[in-house]
Amino acid sequence: MNVLIVYAHMEPQSFNAALLARARAVCAARGWPVEVSDLYAMNFDPVARPTDFTARHDPDFMRYDKEQRAALPAMGFAPDIAAEIEKLRRCDLLILQFPLWWFSVPAIMKGWIDRVFALDFAYGGGRWYDKGGLAGKRALIATTTAAFGQMLAPDGINGDLEVNLWPLQNGVLAFCGFDVMRPFLAHAVPYVDDAARRDMLEAFAARLDGIDGETPMAFHRRDDFDRQWRLKPEVEPRTVGHYFARVPPAVRAKLGR
Numbered sequence: 000m001n002v003l004i005v006y007a008h009m010e011p012q013s014f015n016a017a018l019l020a021r022a023r024a025v026c027a028a029r030g031w032p033v034e035v036s037d038l039y040a041m042n043f044d045p046v047a048r049p050t051d052f053t054a055r056h057d058p059d060f061m062r063y064d065k066e067q068r069a070a071l072p073a074m075g076f077a078p079d080i081a082a083e084i085e086k087l088r089r090c091d092l093l094i095l096q097f098p099l100w101w102f103s104v105p106a107i108m109k110g111w112i113d114r115v116f117a118l119d120f121a122y123g124g125g126r127w128y129d130k131g132g133l134a135g136k137r138a139l140i141a142t143t144t145a146a147f148g149q150m151l152a153p154d155g156i157n158g159d160l161e162v163n164l165w166p167l168q169n170g171v172l173a174f175c176g177f178d179v180m181r182p183f184l185a186h187a188v189p190y191v192d193d194a195a196r197r198d199m200l201e202a203f204a205a206r207l208d209g210i211d212g213e214t215p216m217a218f219h220r221r222d223d224f225d226r227q228w229r230l231k232p233e234v235e236p237r238t239v240g241h242y243f244a245r246v247p248p249a250v251r252a253k254l255g256r
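Every letter in the sequence shown is one number past the one before it in numbering that gives the first Met the number 0, and letter 86, counting from 1, is 85.
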């Protein structure tokens, strides 16, 4: 299994760096080739620019996704984008590893997604969800937080982390065809002791060692939706992003929805 780890942390002595080292060790022990895109070390540019293309399809009006589509057949991308696309082509498992910043990925990782998940490569032309351009590959989010787990519970002060991660897991990874694995979460990293952090490292290693035998999370297939792009009445919601459709009207009224 070919593994690509896209890593976003600027501190080489961080706990995230320790997680990355453990991931490399597990891959080596399993005989899995691993590539790492260390975005800060690469000084990866997160900003989508007109210069991302060797030639412009429409020099008069910039539509970034349409320029991606035009560039794809001849790989007319800037070298940094082309290199990352080829890494994605090769991988069987993509790991996005990052500290949770403002309930999302760091900007440098968001920019990697914007620039690398090109139209007609990762998605497009009706190739969404189970029919996405990256179907057949697996994806895992590995993230650290500065919040205790109960703070990110469904009744926690910060809300359900599953809801928080849904745009990334459903709207990016599942949308592009990945089989999305249950995320690895390391909570309150700055506030726990070394023993707890060692336990987290061991838990991460165990997850990766068995990742090829895990069952992916449940996300909707494209055919679960009707011609109006609405969930078919007979299809039960599978994700937190779709459950509200089945909330009774009286409850929705109380919520102002």
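For glycine and all other residues, C-beta sits at the position ideal for the given N, C-alpha and C. None of the values given here were measured: they were computed from a predicted structure.
- Judged by their CB atoms, N15 and T144 are not nearer to each other than the 8 Å cut-off.
- For the 8 Å CB-CB criterion, V179 and A138 form a contact.
- Shown here, Q96 sits in a strand according to DSSP, grouped into three states.
- Cβ-Cβ separation between L18 and L160: approximately 18 Å, too far for a contact (criterion under 8 Å).
- Sequence-distant Cβ neighbours of A54 in its own chain, meaning closer than 7 Å and more than five residues away, are G75.
- DSSP places I140 inside the beta strand (DSSP E), whose first and last residues are R137 to T143.
- Scanning N163, L118 and G155 for the CA closest to the CA of Q67 turns up L118.
- Checking the DSSP bridge columns, you'll see G123 partnered with R126.
- Residues of the same chain with a CB within less than 6 Å of the CB of Q149, apart from the 5 flanking positions on each side, are G155 in chain order.
- With respect to H186, P98 sits apart: the two C-beta atoms are not nearer than 8 Å.
- Take the alpha-carbon of E213 and the one of A204: they are about 14 Å apart.
- Selection M216, D57 and P78 evaluated against V239 yields M216 as nearest (Cα-Cα).
- The continuous stretches of beta strand (DSSP E) do not include V234, and DSSP gives it neither H nor E.
- Contact between L164 and P153 is absent: CB atoms are separated by about 13 Å, not below the 8 Å threshold.
- Taking C-alpha positions only, R237 is separated from H219 by approximately 6 Å.
- Note that the C-beta distance between M108 and L93 is not below 8 Å.
- The three-state secondary structure of I210, taken from DSSP, is helix.
- Y6 is bridged by DSSP to D37 and Q96.
- DSSP, read as helix, strand or coil, puts V46 in coil.
- When the alpha-carbon of E34 is set against those of G125, Q168 and N1, the nearest one is in N1.
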